[in-house]
Amino acid sequence: MDARPNSPEARDIRYHLHGYTNARKHQETGPLVIEKGDGVYVEDIAGNRYIEAMAGLWSVAVGFSEKRLVDAATRQMSKLPFYHDFGSKAHSPLIDLAEKLVQMAPVPMSKAYFTNSGSEANDTAIKMIWYRSNALGQPARKKIISRKRGYHGVTIASASLTGLPNNHLSFDLPIANILHTSTPHHWRDAQPGESEEQFSARLADELEKLILAEGPETIAAFIGEPIMGAGGVVVPPAGYWEKIQAVLSKYGILLVADEVICGFGRTGEMFGSQTFGIKPDIMVLSKQISSSYLPISALLINDKVFEPIADESDRIGTFGHGFTGGGHPVAAAVALENIKLIEERDLVGNARKVGAHLQARLRKLASHPLVGEVRGVGLIAAVELVADKATKAPWGKPAALGALVNGFLQQNGVISRNMGDAIAFCPPMIITEAQIDALVDAFERSLDAALPQVHPQG
Ligand code: PMP
Numbered sequence: 368m369d370a371r372p373n374s375p376e377a378r379d380i381r382y383h384l385h386g387y388t389n390a391r392k393h394q395e396t397g398p399l400v401i402e403k404g405d406g407v408y409v410e411d412i413a414g415n416r417y418i419e420a421m422a423g424l425w426s427v428a429v430g431f432s433e434k435r436l437v438d439a440a441t442r443q444m445s446k447l448p449f450y451h452d453f454g455s456k457a458h459s460p461l462i463d464l465a466e467k468l469v470q471m472a473p474v475p476m477s478k479a480y481f482t483n484s485g486s487e488a489n490d491t492a493i494k495m496i497w498y499r500s501n502a503l504g505q506p507a508r509k510k511i512i513s514r515k516r517g518y519h520g521v522t523i524a525s526a527s528l529t530g531l532p533n534n535h536l537s538f539d540l541p542i543a544n545i546l547h548t549s550t551p552h553h554w555r556d557a558q559p560g561e562s563e564e565q566f567s568a569r570l571a572d573e574l575e576k577l578i579l580a581e582g583p584e585t586i587a588a589f590i591g592e593p594i595m596g597a598g599g600v601v602v603p604p605a606g607y608w609e610k611i612q613a614v615l616s617k618y619g620i621l622l623v624a625d626e627v628i629c630g631f632g633r634t635g636e637m638f639g640s641q642t643f644g645i646k647p648d649i650m651v652l653s654k655q656i657s658s659s660y661l662p663i664s665a666l667l668i669n670d671k672v673f674e675p676i677a678d679e680s681d682r683i684g685t686f687g688h689g690f691t692g693g694g695h696p697v698a699a700a701v702a703l704e705n706i707k708l709i710e711e712r713d714l715v716g717n718a719r720k721v722g723a724h725l726q727a728r729l730r731k732l733a734s735h736p737l738v739g740e741v742r743g744v745g746l747i748a749a750v751e752l753v754a755d756k757a758t759k760a761p762w763g764k765p766a767a768l769g770a771l772v773n774g775f776l777q778q779n780g781v782i783s784r785n786m787g788d789a790i791a792f793c794p795p796m797i798i799t800e801a802q803i804d805a806l807v808d809a810f811e812r813s814l815d816a817a818l819p820q821v822h823p824q825g
């Protein structure tokens with residue numbers, strides 16, 4: 368870190384409160400200041416280059432230097448820098464994007480609705496679901512079932528859906544009407560000898576018992592990520608989504624697929640819902656929709672959701688919800704161009720092909736003394752680190768080993784993130800096999816560097 372009093376690092380410490388950072392520790396450690404990007408690489412202010420193995424925040428599908436997105440933004444910025452969709456107004460990028468998304472959806476969808484972040488989109492999903500229940504004359508149907516370790520955002524309602532302690536502690540969350548059921552993590556939570564199918568059946572049974580205990584007429588929706596991302600890249604076990612959906616249909620409960628990470632190719636299909644046979648009523652999209660070059664998110668809703676909302680808005684006089692920046696023309700133009708690039712360059716195919724290489728290389732590390740589990744699909748993966756492979760025990764405090772290895776990884780030229788003791792990999796979807804090799808080689812060196820500290824006796 369540059370210790371001069373007016374260095375960017377010093378000014379960051381002086382003026383900036385970071386998201387997802389220990390604010391007290393940050394005053395000592397300071398920031399890593401990223402200055403520019405090029406393909407799958409970013410460069411810090413001191414000129415060090417890194418493979419961005421998280422695609423920023425699971426989001427920069429097309430890499431960090433895509434001129435066509437810059438040009439799309441510039442063109443739209445010159446033509447119409449802002450407009451909105453309140454009071455029946457519209458503009459071309461918004462209409463084009465709505466049409467494109469509805470046509471891309473893997474299940475019949477009726478309408479797109481635009482928001483600015485994943486959190487806003489999930490808040491909006493909850494509001495639409497509540498509004499719908501009232502429209503249907505079922506005012507008691509307001510509870511939403513989410514999952515422990517699920518991640519759905521940080522606004523008051525979406526943070527309540529999120530099933531991670533750091534998003535609730537000291538924020539007085541979750542709010543009422545949000546329930547959390549078990550994480551589908553077979554490796555961590557299955558009973559001895561329990562197969563993936565048996566474990567999935569047990570979780571579906573637990574869900575049904577929860578619904579019956581609460582009263583089925585009070586449950587409005589279930590929300591889940593096809594693969595849990597921020598909760599540690601938890602890939603659902605065999606049969607999970609099929610069995611969960613059977614329970615939801617039995618009680619007429621809506622299904623929301625939070626595709627904020629999985630959407631637009633990450634799992635080797637355009638949507639995670641396709642990879643896992645999910646048939647959602649609402650899909651939540653963000654991140655790779657625009658490669659995060661600009662903030663934009665969207666909900667796709669089917670007629671089961673749209674029709675009652677239309678009736679209720681007619682009864683009241685308006686659908687009293689909307690964001691100033693929702694469907695922003697510049698962000699929408701960038702999203703359209705980004706989706707075009709994903710299709711033209713077959714980045715979904717690349718996620719499948721190069722993703723298979725990533726998964727195979729990581730699975731070769733399963734025998735490493737610090738590796739508990741390797742999991743992932745396509746271009747999303749995590750390696751869960753343990754001090755003791757037999758007991759799956761962590762090294763001292765949970766997350767200590769994850770942080771140690773992640774630190775070595777950064778020194779070795781790779782930016783990743785540790786979710787607890789799981790090191791995640793979610794690189795830009797343009798990544799090549801050679802770049803995957805460089806990434807995994809650096810990870811292997813980082814594991815070996817941590818080993819003597821974890822097992823000093825060898
Ligand atoms: N849902 C999922 C699955 C996410 O991964 C995220 C962000 N990591 C969100 C919602 C929230 O998105 P945002 O940070 O844009 O509010």
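So the sequence shown is numbered by the numbering used here: it starts at 368 and just counts up by one.
Glycine is no exception: its CB is placed at the ideal position from the N, C-alpha and C atoms.
Please read all numbers here as calculations on a predicted model, not as lab measurements.
Suppose contacts are defined by Cβ-Cβ distances below 7 Å. Is Asn582 in contact with Ala718 by that definition? Before going on, a small fix: residue 582 reads as Gly here, not Asn. Going by C-beta atoms, Gly582 is not nearer than 7 Å to Ala718.
Classify Val437 as buried or exposed, calling it buried when 16 or more other Cβ atoms lie within 10 Å of its own Cβ. exposed
Is the beta carbon of Ile782 within less than 6 Å of some heavy atom of ligand 1? No, Cβ of Ile782 sits at least 6 Å from all heavy atoms of ligand 1.
Among Glu710, Leu666, Glu584, which one has its Cα closest to the Cα of Lys617? Glu584
Would a C-beta distance cut-off of 7 Å place Lys509 and Ile668 closer than the cut-off? no
Endpoints, beta strand (DSSP E) assigned at Met368: DSSP places Met368 in no beta strand (DSSP E); its state is neither H nor E.
Span of the beta strand (DSSP E) holding Phe589? Looking at the DSSP string, the run of the beta strand (DSSP E) that includes Phe589 is 586–591.
Same chain only: Cβ atoms within 7 Å of Ala702, ignoring 5 sequence neighbours per side: Leu464, Ile656, Ser657, Ile663
Proximity to Lys494 [Cα-Cα], best of Ala733, Ile676, Asp379, Lys764: Ile676
Spatial neighbours of Gly404 within its chain, please: CB distance less than 7 Å, with the 5 preceding and 5 following residues excluded, ordered by chain position. Phe431, Ser432
I need the straight-line Cα distance from Val827 to Ile683, nearest angstrom please. Coverage of the chain is limited to positions 368 through 825, which leaves residue 827 absent and any answer about it impossible.
Beta-carbon separation of Ala809 and Asn773 under 7 Å? no
Could you check what DSSP says for Asp681 in three-state terms: helix, strand or coil? helix
Comparing C-alpha positions only, which one of Leu666, Glu564, Val600, Gln470 sits nearest to Asn483? Nearest to Asn483 by alpha-carbon distance, out of Leu666, Glu564, Val600, Gln470, is Leu666.
How about Trp425 and Gly596: do their beta carbons lie closer than 7 Å? Closer than 7 Å, so yes.
Please find out if some non-hydrogen atom of ligand 1 comes closer than 6 Å to the beta-carbon of His451. Closer than 6 Å to some heavy atom of ligand 1: that does not describe the Cβ of His451.
Would you check if the distance between the CB atom of Ile511 and the CB atom of Ala571 is smaller than 7 Å? no
Entirely enclosed alpha helix (DSSP H) segments - the stretch 514–598, minimum 4 residues: Along the stretch 514–598, the alpha helix (DSSP H) occurs as fully enclosed runs of 4 or more residues at 523–528, 553–556, 563–581, listed in sequence order.
Residue of Glu751, Tyr498, Gly745 minimising C-alpha distance to Ala767: Glu751
Under 7 Å Cβ to Cβ from Val697, same chain only, skipping five residues before and after it: list those, please. Ala440, Gln443, Met444, Pro448, Leu661
To the nearest whole angstrom, what separates the beta carbons of Val651 and Asp670, a pair I think is in contact under 8 Å? A Cβ-Cβ distance of about 18 Å is found for the pair Val651 and Asp670, leaving them out of contact under the 8 Å criterion.
Just to confirm the assignment: which complete alpha helix (DSSP H) runs, minimum length 4, are found wholly within the stretch 405–453? 422–425, 434–446
What are the complete alpha helix (DSSP H) segments, minimum 4 residues, inside the stretch 683–766? Segments of the alpha helix (DSSP H) lying fully in the stretch 683–766: 696–711, 714–730.
Which one of Val721, Ile586, Asn705, Lys446 has the shortest CA to CA distance from Leu806? Val721
Quick one: using the 10 Å Cβ neighbour count with 16 as the cut-off for buried, is Pro604 buried or exposed? buried
Going straight from the alpha carbon of Ala727 to that of Val614, what length do you get? 34 Å
Tell me the rounded alpha-carbon separation between Ser525 and Gln824. 46 Å
Can you list, in chain order, the residues of its chain whose CB lies under 6 Å from that of Ile401, leaving out five sequence neighbours each side? Around Ile401: Val409, Asp411.
On the DSSP bridge list, what partners appear for Phe792? Ala748
Near Gln641, which residues of its chain fall below 6 Å by C-beta distance, leaving aside the five closest residues on each side in sequence? Pro473
Check whether the Cβ of Gly596 sits closer than 6 Å to any heavy atom of ligand 1, and report yes or no. yes
Does any heavy atom of ligand 3 sit closer than 6 Å to the C-beta of Asp625? Ligand 3 is absent from the structure shown, which contains only ligand 1.
Less than 6 Å between the CB of Ser659 and some heavy atom of ligand 1, yes or no? no
Quick one: what does DSSP say Met495 is sitting in, helix, strand or coil? The answer is helix: DSSP assigns Met495 an H, G or I state.
Under a three-way DSSP split, which group does Asn483 fall into? Here Asn483 sits in coil by DSSP.
Closest to Ile545 by CA distance: which of His553, His552, Ile523 is it? Ile523
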